[in-house]
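Engineer: One structure, as structure tokens, below. Some questions next.
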Amino acid sequence: IPLPLAPELESGGVYSGRAAYVRLDWNSVEGADNYLVELSESSDFSSILASKTTSNTLTDLTGTTEDKTYYWRVRANNIAGAGPWSEVSDFFIMLAPDNVKVSVEESNQIKLSWDDNSDVEEGYIVERKEDGQTDFSVIDTAEAGAEQYLDSNIESGVSYSYRIKAFNENGSSAYSEVALLATSYEVEDRDMPTSYSLGQNYPNPFNPVTTISFETPETADIQLNVFNMLGQKIETLVAGRINSGIHSVTFDASSLSSGIYFYTLQAGEFIQTKQLSLIK
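Here you go:
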């Protein structure tokens, strides 16, 4: 039986939103009985912070803290002995912001808000992309401890996606967990609605873009989400405090496969769901 080959490392970083917990995973190696994982604060592994032997290709380790870079490696073992170490990989620990929400302000601004989870950030990087754009661009930074940002450089009827990450001189966090698609909502010129209502998307069936309209009789916290047939949420179109009026939002399903989907409007105790069909 030959010695197993060196594993290829996949990813490593903070797990479960706590700086003291990290998750590491790697590719399986043919003929391996188990794997030895080592975590260190030094790239030469002169001191080992944590080590673990496991038969899995994913493991959790503890003992890490924010504002530090950690190095890790893995080797496979079998009855013939220990194989060679993998290449060394590293990651920097800083807790990412989460619970990102958007709302449209009366002054035609989009307000971003989030939870500040890090104790060591020097600020936040705010990135945005518009409909049809592939890559995010940095639009501004927010100061340390900030939990909101106002984007005033917007156009009516244009959909925007935002993401945020914390940073300091040593590195940066991961981006906020979900890049939220926000839209500057078009308020149509007619009498204000007297009740909540969710319109049928148009066109329907569609490929790959459709428009969803909804009515709000008062300023309220609104959620407009898209779900698949299994009831799993796949997109958040609106999440925030929306002014009274008649609004429309664009849903881009370019990354989804053909099928039946559902979209739900929720405002307080009001909930309404409609079906849409994506045909590619």
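For the sequence shown, position 87 (counting from the first letter as 1) is numbered 188 according to my numbering, and the numbering increases by one without interruption.
Positions of the beta carbon are idealized from the N, C-alpha and C atoms, including for glycine.
Check whether the stretch 209–219 and the stretch 251–260 touch, using three or more Cβ-Cβ pairs below 8 Å as the test.
Structural biologist: Judged by Cβ distances under 8 Å, the stretch 209–219 makes contact with the stretch 251–260, as three or more pairs qualify.
Engineer: Given this structure, state the Cα-to-Cα distance separating Thr-374 from Glu-244, to the nearest angstrom.
Structural biologist: So the two alpha carbons sit approximately 39 Å from each other.
Engineer: Among Leu-110, Ser-314 and Ala-181, which has the Cα closest to the Cα of Ala-133?
Structural biologist: The shortest Cα separation from Ala-133 among Leu-110, Ser-314 and Ala-181 belongs to Ala-181.
Engineer: For Ile-335, collect the residues of the same chain with a Cβ closer than 8 Å to its Cβ; drop the 5 residues on either side in sequence, then sort them by chain order.
Structural biologist: If we look at Ile-335 and ignore the five residues flanking it on each side, its Cβ neighbours are Val-327, Phe-328, Asn-329, Leu-357 and Tyr-362.
Engineer: By DSSP, does Asp-290 sit in helix, in strand, or in coil?
Structural biologist: Because the pLDDT at Asp-290 is just 49, under 50, the model does not fix this residue reliably, and the point stays unresolved.
Engineer: Tell me the DSSP secondary structure of Leu-366 in three-state form.
Structural biologist: Strand, per DSSP.
Engineer: Suppose the cutoff is 8 Å on Cβ atoms and the five residues either side in sequence are ignored; what does the same chain contact list for Asp-290 look like?
Structural biologist: Low confidence applies here, because Asp-290 scores a pLDDT of 49, under 50, leaving its location unreliable; read the following figure in that light. Excluding residues within five positions, none has a Cβ falling inside 8 Å.
Engineer: Take the Cβ of Leu-196 as the centre, count every other Cβ of all protein chains shown within 10 Å, and call the residue buried at 16 or more, exposed below.
Structural biologist: It counts as buried.
Engineer: Reducing DSSP to helix, strand and coil, say where Glu-167 ends up.
Structural biologist: Coil.
Engineer: Nearest to Leu-251 by alpha carbon, out of Ile-240, Val-115 and Val-259?
Structural biologist: Comparing Cα-Cα distances from Leu-251 to each of Ile-240, Val-115 and Val-259, the minimum goes to Ile-240.
Engineer: Ends of the beta strand (DSSP E) at Trp-186?
Structural biologist: Neither: Trp-186 is in no beta strand (DSSP E) and is coded neither H nor E.
Engineer: In the DSSP assignment, what are the bridge partners of Phe-328?
Structural biologist: BP columns for Phe-328 point to Lys-334 and Phe-363.
Engineer: Excluding the 5 residues flanking Ser-143 on each side, which residues of the same chain have their C-beta closer than 8 Å to its C-beta?
Structural biologist: For Ser-143, where only same-chain residues beyond five positions count, the Cβ hits under 8 Å are Tyr-172.
Engineer: Put Tyr-250 into one of helix, strand or coil per three-state DSSP.
Structural biologist: Residue state, collapsed to three classes: strand.
Engineer: Would you kindly work out how many angstroms separate the C-alpha atoms of Ser-296 and Glu-370, rounded to a whole number?
Structural biologist: Approximately 12 Å between the Cα atoms of the pair.
Engineer: Extract the residue ranges of the beta strand (DSSP E) inside the stretch 109–149, only unbroken runs of 3 or more that lie entirely within it.
Structural biologist: With a minimum length of 3 residues, the continuous beta strand (DSSP E) runs that stay inside the stretch 109–149 are 110–116, 119–127 and 135–141.
Engineer: Does Glu-231 come out as helix, strand or coil in the three-state DSSP assignment?
Structural biologist: Here Glu-231 sits in strand by DSSP.
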